[in-house]
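In what follows, a structure is listed as structure tokens, so that the remarks can point back to it.
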Amino acid sequence: MYQKAPSVTTSKNYLKLSNQLIPEEHQKIDGPKGAAKFLASQNVSMTNDGVKKMLRRKGFKARRKVKTNMISKDNQKLRLAWAKAHRHLSISDWRKWIFSDETRVNMWGSDGVSYYWSDKPGTMQPHQITPKVQNNGGGVMFWGCITSEGPGYGTTILEGTIDWLEYVKILDTSLLDTLEYYGKKSADVRFQQDKASPHRSVVTKHWFNENGFSAERVLDWPAQSPDLNPIEHVWTELKRRLDSYPNRPTTKEELATRISDEWNKFTKDDCLAYIDSMPKRIKAVIRSKGGSAPF
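Quick note on full-length UniProt numbering: the sequence shown kicks off at 1 and runs consecutively.
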């Protein structure tokens, strides 16, 4: 005989769902669809809208998923060791660093946002993050750096990627021009870069040593660690500003002009706010045992 599905409004059904959302070992429910699927497995029928209403009534809120890069087990160990080796550095120490990176800026704007449901602030659990897909879609590459004095000179690459030859050109111009602009010498700063292959080429290492940087120290940065680099927040803000334009750029040249305009609007205080977060980033990586940090 056909049996009607039990009512979805009972406290028992609320309890079933909330018990699956709260404990870490059960945090597999991903949004209303996941909740509806779970309830269906418990012989409870509910629409996505019904799930949303129930979750809100019980105090749950939709929160943005944090985009992170995937981190291998080996790199987690290296990240943890690196964080422990640098946890003694003060904010004053970190202000001597120049943080650099490249980012891709899409012609049609940044990637979308995913959400998870929670009734309290959480940590970096699997259901709270979305792996980042890099180099997706058409656009331009932009290299930039930030210092405790403000943003450095940037370089936009309209076509192709940044290989070792292009990277050395960037170092020869944008990096050295940044030092000159702020009245600093290579001996005064600690330059940061990630472990992308152009950054580790023989020619690049030679350039660093010839220009007063220690290639060994420059390369001392853990792999798969954008969450440790404060310039990542600059990229987020830069793309937010670009997305706020009423019309999309029609050419890459127009996009490059907008990037330059917005990049030059960052201030010394903006850069200090990001750089001064380094001690917190270090602590977060140590707490996560080398895993993703909530930045």
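Don't be surprised by glycine CBs; every beta carbon is placed ideally from N, CA and C. These figures come from a predicted structure and were not determined experimentally.
Looking only at its own chain, which residues have a Cβ that is under 7 Å from the Cβ of residue i, when we skip the five neighbours before and after it?
| i | result |
| --- | --- |
| Thr267 | Gly150 |
| Trp207 | Val168 and Leu171 |
| Ala256 | Val140, Thr156 and Leu158 |
| Thr161 | Met141 |
| Lys205 | Ala215 |
| Cys271 | Ile146, Thr147, Ser148, Gly150 and Pro151 |
| Val203 | Trp164 and Val168 |
| Lys53 | none |
Would you call residue i buried or exposed, if buried means 16 or more other Cβ atoms sit within 10 Å of its Cβ?
| i | result |
| --- | --- |
| Gln193 | buried |
| Gly183 | exposed |
| Gly144 | buried |
| Leu165 | exposed |
| Pro246 | exposed |
| Gln134 | Reliability of the predicted coordinates at Gln134 is poor, the pLDDT of 41 falling under 50, and no value is obtained from them. |
| Ala273 | exposed |
| Arg217 | exposed |
| Trp105 | At residue 105 the sequence reads Val, which differs from the Trp that was named. So Val105 ends up on the buried side. |
| Arg79 | buried |
| Tyr181 | exposed |
Apart from the five residues just before and just after residue i, which ones in its own chain have a Cβ nearer than 8 Å to its Cβ?
| i | result |
| --- | --- |
| Thr250 | none |
| Ser260 | Gly154 and Thr156 |
| Trp235 | Asp101 and Thr103 |
| Val189 | Lys96, Trp97, Ile98, Thr147 and Leu179 |
| Asp276 | Ile91, Trp94 and Arg95 |
| Asp163 | Pro198 |
| Arg258 | Leu242, Tyr245 and Pro249 |
| Gln41 | Note that residue 41 is Ser in the sequence shown here, rather than Gln. Here the set comprises nothing. |
| residue 297 | Residue 297 is absent from the model: the chain starts at 1 and stops at 295. |
Taking the alpha helix (DSSP H) that residue i belongs to, which residues open and close that run?
| i | result |
| --- | --- |
| Asn75 | Lys73 to His86 |
| Phe208 | Val202 to Glu210 |
| Val51 | Asn48 to Arg57 |
| Arg95 | Run containing Arg95: none; DSSP gives neither H nor E here. |
| Ser260 | Lys252 to Trp263 |
| Asp270 | Lys268 to Ile275 |
| Tyr181 | Leu176 to Tyr181 |
| Trp235 | Ile231 to Asp243 |
| Arg217 | Ala215 to Val218 |
CB-CB under 6 Å to residue i, same chain, minus the five flanking residues each way: which ones, in chain order?
| i | result |
| --- | --- |
| Ile71 | Gln224 |
| His199 | Gln193 |
| Phe99 | Ile146, Gln192, Asn229, Pro230 and Ile231 |
| Lys195 | Ala223 |
| Asp111 | A caution first: Asp111 carries a pLDDT of 49, below 50, which makes its placement in the model unreliable, though a value can still be read off. Here the set comprises nothing. |
| Gly138 | Met107 |
| His233 | Tyr274 |
Are the beta-carbon atoms of residue i and residue j separated by less than 8 Å?
| i | j | result |
| --- | --- | --- |
| Leu238 | Trp263 | yes |
| Asp227 | Arg281 | yes |
| Arg240 | Met107 | no |
| Leu55 | Met46 | no |
| Val174 | Gly152 | For the sequence presented, residue 174 should be read as Ser rather than Val. In contact: Ser174 and Gly152 (Cβ atoms closer than 8 Å). |
| Ile91 | Pro279 | yes |
Considering residue i, what are the terminal residues of the beta strand (DSSP E) in which it resides?
| i | result |
| --- | --- |
| residue 309 | Lying outside 1 to 295, the shown extent of the chain, residue 309 is not represented and no answer is given. |
| Thr161 | Element bounds for Thr161: n/a, residue is neither H nor E. |
| Arg281 | Per DSSP, Arg281 belongs to no beta strand (DSSP E); it is in the alpha helix (DSSP H), Met278 to Arg287. |
| Arg190 | Arg190 to Gln192 |
Looking at C-beta atoms only, is the number of pairs between the region 284 to 292 and the region 82 to 93 that lie closer than 8 Å three or more?
Short answer: they touch.
Report yes or no: do three or more beta-carbon pairs, one from the region 209 to 219 and one from the region 236 to 253, lie closer than 8 Å?
Verdict: no, contact absent.
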